[in-house]
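Protein sequences, first through last, are from chains A and B.
For the record, in the first sequence the residue sitting at position 218 is 223 according to my numbering, with numbers rising by one throughout.
For the record, in the second sequence the residue sitting at position 49 is 408 according to my numbering, with numbers rising by one throughout.
Where is the CB? At the ideal position from N, CA and C, for every residue including glycine.
Bear in mind that the values here come from a model prediction, so they are computed numbers and not experimental data.
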Amino acid sequence: MKHEDYTEMLALAALDALDEGEQRTLDAHLAECADCRAELNALRDAAASLVYAAAPVAPVAPEFRTRILARIKSQAQDAPLASVASSNGAATLPTSSNVRSLDEFAARREARTGTVSRRVAMFGALAASIAVAALLISLALVWQRNNRLQRELARLANTVNQTEQQLAQTRQELANTRADRELLAAPEALTATLAGTKMAERARARLTFDERTGRAMLVAADLPPAPAGFAYQLWFIAEGRPPMPGKVFTTDQTGHAEMHDTVPPEGRHAAVYAVTLEPASGMSAPTGEMYLKSSAS
Amino acid sequence: MAEAAPQTSPDSELLHAIARGDESALAALYDRYHSILLGLLLRILHSRVEAEDVLQEVFLQIWQRAANFDEARGRGFTWMVTLARSRAIDRLRSLQSRQRADDTALRDAPEPVGDASDDAYHAEQREIVRAALEEIPEEQRRALLLAYFEGLTQSEIAARLGQPLGTVKTRMRSGMTKLRDLLGEKMRLG
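This is the structure in structure tokens:
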């Protein structure tokens, strides 16, 4: 065979597309011809670029990377072939490429031209690889299914949780409404009317409370919206004592507010009730302008 | 030629580091190429499950065999891609024989192309290869892609296309030579 006959095979060899007879012939030539080895490497570089002819793919799950990196930690690395090569004498080693060593070609040829015993062995290996592949596929499917079920379970648990919260909230609202109605309807309920000061002349409010328990409800209307960081605070002012702090509250957009509080025993008789504008967290003594005030009872 | 004056590209540096047992180098190689390699495996295997499984196998083999990589014999990129393609074609053959043995063999539906996770570098390479392939006559291109993505030999391609073997050989030779010439300058370092 002429050198040109071999060079014609190189392009097909770069694609691993030679039939086995030709491949064997070329392998023998490559062992001796550095030019052809170099040419084959260049053609393999070009063939490898065909990887970019495959369509782009959807991204891989990040867990995949974690799993691979975890697995390599437990894997031993091969000893480099290079040391084997140099001990054998690298110059005579017929290496056509990095990946397809002659051993691999030989293995492939053997597989193609197998004897009966090889076929039996191959059948065993085939059955084993089928079993392994089937197992891997089943595992992957189970894993996918498990993931899907877990996501669904998490979603349902979340829904249940939200529903429970809504139910608790509704129950609380119902209890409050019932308590409010009882309070407003109770014959022993006391009521104080608060009028707007110069700060909010249209504002008005009514404080209703149970004389025995102090349980109270304040309903206010036409209060200007509190600036950011501020809120209204209720005060119980009894004669001869500093004003006792009540709770803070804000209004809705229309200036309406409802607030529940407990009037301290000292504030249930002969007291003045007032509302001032205070920092949103509330104060222990009034510092801001007064917006609502009851007349002394 | 690569044999005379090997270029040290970042890919081969990564492979040398992997050969020294540097796990972060493998992670870097994974980050750079897993999506490109998965595209190749998916094109060969037509199954996302199989392709992801082989992808994992490929990175394990890169880890185990990086010491065998010799940059005097070619690019790191070529070494890695060739390894991936070999593993995928081996898997394809075992799936095909399983399919012959059992007609009910499982095969996933074709994977729809989702959000492509290409970075700018890969997008550029993809464009270079696309442009090069466009310059190669259709019948040559077809034979090349059959060999590369289906792992067919020249005789199998001739049978598939219903063409004389001599014609197929000539087409593949012309196509490969042209591809190498078109890509030669642009992808030398890739």
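Relative to the alpha-carbon of residue i, which residue among the options has its alpha-carbon at the smallest distance?
{"i": "M531/B", "options": "M6/A, E9/A, K7/A and D21/A", "result": "D21/A"}
{"i": "L401/B", "options": "N46/A, A53/A, R49/A and A60/A", "result": "A60/A"}
{"i": "L35/A", "options": "T259/A, M14/A and A200/A", "result": "M14/A"}
{"i": "G498/B", "options": "V488/B, D429/B, G433/B and S533/B", "result": "Strictly speaking, residue 498/B in this sequence is Glu, with Gly absent from that position. When only C-alpha atoms are compared, the closest one is S533/B."}
{"i": "L199/A", "options": "T281/A, A190/A and P64/A", "result": "T281/A"}
{"i": "P67/A", "options": "H393/B, Q455/B and V417/B", "result": "H393/B"}
{"i": "R491/B", "options": "Y57/A, L74/A and E271/A", "result": "Here residue 491/B is Ala; the residue named in the question, Arg, does not match the sequence. Per the Cα distances, Y57/A."}
{"i": "L454/B", "options": "L404/B, L520/B and Q423/B", "result": "L404/B"}
{"i": "Q415/B", "options": "P64/A, H274/A and R70/A", "result": "R70/A"}
{"i": "S79/A", "options": "R432/B, E382/B, G433/B and L542/B", "result": "E382/B"}
{"i": "A63/A", "options": "S456/B, I421/B and A410/B", "result": "A410/B"}
{"i": "A130/A", "options": "L504/B, L520/B and R457/B", "result": "R457/B"}
{"i": "R432/B", "options": "R76/A, A39/A, R29/A and L179/A", "result": "A39/A"}
{"i": "M303/A", "options": "Q28/A, T164/A and A210/A", "result": "Absent from the model: residue 303/A. The displayed extent of chain A is 6 to 302, so no value can be given."}
For residue i, name the three-state secondary structure that DSSP assigns.
{"i": "M531/B", "result": "helix"}
{"i": "R209/A", "result": "strand"}
{"i": "G201/A", "result": "strand"}
{"i": "A95/A", "result": "Because A95/A carries a pLDDT of 36, less than 50, the predicted location of this residue cannot be relied on, and the following value inherits that uncertainty. Helix at A95/A."}
{"i": "G433/B", "result": "coil"}
{"i": "T218/A", "result": "coil"}
{"i": "D21/A", "result": "coil"}
{"i": "H393/B", "result": "helix"}
{"i": "M439/B", "result": "helix"}
{"i": "S286/A", "result": "coil"}
{"i": "L404/B", "result": "helix"}
{"i": "D478/B", "result": "coil"}
{"i": "Q258/A", "result": "coil"}
{"i": "V147/A", "result": "helix"}
{"i": "Q238/A", "result": "strand"}
Indicate whether at least one CB of chain B lies closer than 7 Å to the CB of residue i.
{"i": "S54/A", "result": "yes"}
{"i": "D24/A", "result": "yes"}
{"i": "D10/A", "result": "no"}
{"i": "L223/A", "result": "no"}
{"i": "Q80/A", "result": "yes"}
{"i": "V137/A", "result": "no"}
{"i": "L282/A", "result": "no"}
{"i": "A18/A", "result": "no"}
{"i": "R49/A", "result": "yes"}
{"i": "S362/A", "result": "Absent from the structure is residue 362/A, since the part of chain A shown begins at 6 and ends at 302."}
{"i": "Y57/A", "result": "yes"}
{"i": "N46/A", "result": "yes"}
{"i": "V165/A", "result": "no"}
For residue i, which residues in the same chain have their Cβ closer than 6 Å to its Cβ, ignoring the five residues on either side in sequence?
{"i": "V413/B", "result": "L400, R446, A447 and R450"}
{"i": "M288/A", "result": "none"}
{"i": "T182/A", "result": "none"}
{"i": "D370/B", "result": "G435 and F436"}
{"i": "A290/A", "result": "none"}
Of all Cβ atoms in chain A, is any one closer than 7 Å to the Cβ of residue i?
{"i": "T529/B", "result": "no"}
{"i": "I395/B", "result": "yes"}
{"i": "T512/B", "result": "yes"}
{"i": "S383/B", "result": "no"}
{"i": "T437/B", "result": "yes"}
{"i": "A506/B", "result": "yes"}
{"i": "D412/B", "result": "yes"}
{"i": "G433/B", "result": "yes"}
{"i": "R485/B", "result": "yes"}
Excluding the 5 residues preceding and the 5 following residue i in the sequence, name in chain order all residues of the same chain whose CB lies nearer than 8 Å to its CB.
{"i": "A19/A", "result": "L45, L48, R49, A51 and A52"}
{"i": "A205/A", "result": "D227, L228, P229, Y296 and L297"}
{"i": "I142/A", "result": "none"}
{"i": "L538/B", "result": "A491, L492, I495 and L503"}
{"i": "L524/B", "result": "Q513, S514 and A517"}
{"i": "R207/A", "result": "G201 and D227"}
Going by beta-carbon coordinates alone, are residue i and residue j separated by less than 7 Å?
{"i": "A221/A", "j": "V277/A", "result": "no"}
{"i": "L189/A", "j": "T218/A", "result": "no"}
{"i": "A517/B", "j": "V527/B", "result": "yes"}
{"i": "L373/B", "j": "L388/B", "result": "yes"}
{"i": "L74/A", "j": "A386/B", "result": "yes"}
{"i": "V417/B", "j": "A443/B", "result": "yes"}
{"i": "D24/A", "j": "T512/B", "result": "yes"}
{"i": "P248/A", "j": "W240/A", "result": "yes"}
{"i": "Q238/A", "j": "V224/A", "result": "no"}
{"i": "R273/A", "j": "E193/A", "result": "no"}
{"i": "A231/A", "j": "T255/A", "result": "yes"}
{"i": "W422/B", "j": "I77/A", "result": "yes"}
{"i": "S299/A", "j": "A159/A", "result": "no"}
{"i": "A479/B", "j": "A426/B", "result": "no"}
{"i": "D266/A", "j": "G251/A", "result": "yes"}
Taking 7 Å as the CB-CB cut-off, is residue i touching chain E?
{"i": "S371/B", "result": "Among the protein chains of the structure shown, namely A and B, there is no chain E."}
Less than 7 Å between C-beta atoms, sequence neighbours within five positions excluded: which residues of the same chain meet that for residue i?
{"i": "P284/A", "result": "G234 and F235"}
{"i": "R500/B", "result": "L492 and G534"}
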